[in-house]
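Below is one structure; the comments refer to it alone.
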Amino acid sequence: MISYTGRTVLITGGGAGIGRACAEAFGAAGARVAVAEIDAARAQDVRHALEAAGGGT
């Protein structure tokens, strides 16, 4: 995968499904990830998962 170190990506609908998978993939590639999600609890879950994996949010 391409390195996204130093870049910021915005994922809409990032709380579940394809959006969450994309957020995790970009985080693993070094990007800072901003997740837009209507369900705040889901957004927090993704944030904690990304931080636990060493990614930036």
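According to my numbering, the sequence shown is numbered sequentially starting from 142. Glycine residues also receive a C-beta, built at the ideal position from the N, C-alpha and C atoms.
The alpha-carbon of V176 is positioned some 7 Å away from that of A164. Put simply, of R173, A157, A170 the residue whose alpha carbon is nearest the alpha carbon of V187 is A157.
Taking C-alpha positions only, G154 is separated from A190 by approximately 16 Å.
About 7 Å separates the beta carbon of T149 from that of A172, a gap short enough to meet the 8 Å contact definition.
Sequence-distant partners of S144 (beyond 5 residues in either direction) whose C-beta falls short of 7 Å from its own C-beta, in its chain, are A170, G171.
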